[in-house]
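Below: one structure, written as structure tokens.
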Amino acid sequence: MDIRPQHFSWRVDHKVATITLNRPERKNPLTFDSYRELIDTFRTLNQPSEVKAIVITGAGDNFCSGGDVHEIIGPLVEMREQRQADRLLAFTRMSGELVKAMRACPQPIVAVIDGVCAGAGAIIAMASDIRFATPRSRVAFLFVKVGLSGADMGACAILPRIIGHGRAAELLYTGRFMSSDEAERWGFYNRVVAPEKLLTEATQFARELADGPTVAHATTKRCLHQEWNMSIDEAIENEAQAQAGCMETEDFARAYRAFASKQTPKFEGN
């Protein structure tokens, strides 16, 4: 797999890919180009790969401040003034493609959040599967602060499923920052750890996932996504078919043989 991004850092170690949004002097904002590269990267990860888990983080002491004010917000205002509604819609569809690509890639995604996590940065954290953070991290879906709705990149669909409808509505209506205590209490964060331990602990967690049965992990992620729109009966049937497929993998047989011989299974992802 040949991934050579120009607008963020990329590293693969022990089957874990680390994406680092790397503009620390501006709190790691997104640009049109970084949006496109992230979309292309997550789509590429749909292909067979040595990457079995993904960590996404920000350089310095912040995660991501959202869309760059000068490189995204300014041009969008110009499009509005020039009555280019088609270009505005093209952008909102493009930004939504990032969430679609993150949810469609089979690898679990661990967001590693320190400092500011706002706007599109909060959406990236939301679209990840697991979220590690620090006590000083702050999350805001601040679209309303620039005169836009909270309905952005799937937030009205995904955020209520993570923290509940009422809490999501409050954050999306007000655009206020959610403290780390709130975020952990409300279930947005899986873990809150000291800043100096953040990346180490999150990466270790990702490595444990990468060492697991990756076909099974991909199946779990797919079912978590698919079953939002299913009835319970439909979900049970969907999982019956998904689990039967996992039972055909060699990892399933490996786990049994290891259990029978009182050993720890070593999964190989097939």
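For the record, in the sequence shown the residue sitting at position 165 is 217 according to our numbering, with numbers rising by one throughout.
Just so it is clear, CB atoms sit at the ideal spot from N, CA and C, and this is done for glycine as well.
*Cβ-based neighbour list, Asn114, same chain, cut-off 8 Å, excluding 5 preceding and 5 following*: Setting aside the 5 residues that flank it on each side, Asn114 is surrounded in the same chain by Pro76, Lys79, Asn80, Asp166, Gly167, Val168 and Cys169, each with a C-beta closer than 8 Å to its C-beta; the list follows chain order.
*Label Gln159 either buried or exposed according to how many other C-beta atoms from any shown protein chain fall within 10 Å of its C-beta, with 16 as the threshold for buried.*
Gln159 is buried by the Cβ-count criterion.
*Roughly how many whole angstroms lie between the Cα atoms of Arg309 and Thr70?*
When rounded, the distance between both Cα atoms is 33 Å.
*Using a threshold of 8 Å, state whether the C-beta atoms of Thr266 and Gly321 are closer than that.*
Closer than 8 Å, so yes.
*Just confirm the distance between the C-beta atoms of Val151 and Met205, as a whole number of angstroms; I'd bet it's less than 8 Å.*
That belief holds up - the Cβ atoms of Val151 and Met205 are roughly 5 Å apart, short of 8 Å.
*Pair within 8 Å by beta-carbon distance, Ala323 and Ile175*: No answer is possible for residue 323: the residues shown for the chain start at 53 and end at 322.
*Give the range of the beta strand (DSSP E) segment to which Gly218 is assigned.*
For Gly218, no beta strand (DSSP E) encloses it; the enclosing alpha helix (DSSP H) starts and ends at His217 to Thr226.
*CB-CB under 7 Å to Ile161, same chain, minus the five flanking residues each way: which ones, in chain order?*
Result list for Ile161: Ile106, Ile108, Met154, Ser180 and Asp181, in chain order.
*Give the straight-line distance between the Cα atoms of His59 and Arg132, rounded to the nearest whole angstrom.*
Roughly 26 Å between the two C-alpha positions.
*Residues of its chain near Phe98, where Cβ-Cβ distance is below 6 Å and the 5 sequence neighbours each way are ignored*: One point to set straight first is that residue 98 is Asn, not Phe, in the sequence displayed. Cys157, listed in sequence order.
*CA-CA distance, Gly119 and Gln315?*
Per the coordinates, the alpha-carbon of Gly119 lies some 49 Å from the alpha-carbon of Gln315.
*Per DSSP, what kind of secondary structure is Val107 in: helix, strand or coil?*
When secondary structure is reduced to three states using DSSP, Val107 falls in the strand class.
*Whole-Å CB distance - Leu250 paired with Val191, under 8 Å assumed*: Contact annotation, Leu250 with Val191: C-beta distance approximately 15 Å; criterion of less than 8 Å not satisfied.
*Taking DSSP as the reference, what is the three-state secondary structure of Ser201?*
In the structure shown, Ser201 falls within a coil segment according to DSSP collapsed to helix, strand and coil.
*Is it the case that the Cβ atoms of Ile125 and Val198 are separated by a distance below 8 Å?*
Ile125 is a Cβ neighbour of Val198, given a cutoff of 8 Å.
_Distance check for Phe319 and Gly171, CA to CA, integer angstroms please._
So the alpha carbons of these two residues sit roughly 38 Å apart.
*Check whether the Cβ atoms of Phe195 and Gly148 lie closer than 8 Å to each other.*
The beta carbons of Phe195 and Gly148 sit no closer together than 8 Å.
*asked:* Between Leu82 and Cys116, how many whole angstroms is the CB-CB distance? I'm expecting something under 8 Å.
replied: For a cut-off of 8 Å, the C-beta gap from Leu82 to Cys116 is around 7 Å, short enough to register as a contact.
*CB of Thr255 within 8 Å of CB of Val68, strictly*: In this structure, Thr255 sits near Val68, with a CB-CB distance shorter than 8 Å.
*Taking Cβ positions, are Ala270 and His66 nearer each other than 8 Å?*
No; because the gap between Cβ atoms is not below 8 Å, this pair is not in contact.
*Taking buried to mean at least 16 other C-beta atoms within 10 Å of its own C-beta, is Gly297 buried or exposed?*
It counts as exposed.
*Spatial distance of Leu223 from Gln295 (CA atoms)*: The C-alpha of Gln295 is placed about 37 Å away from the C-alpha of Leu223.
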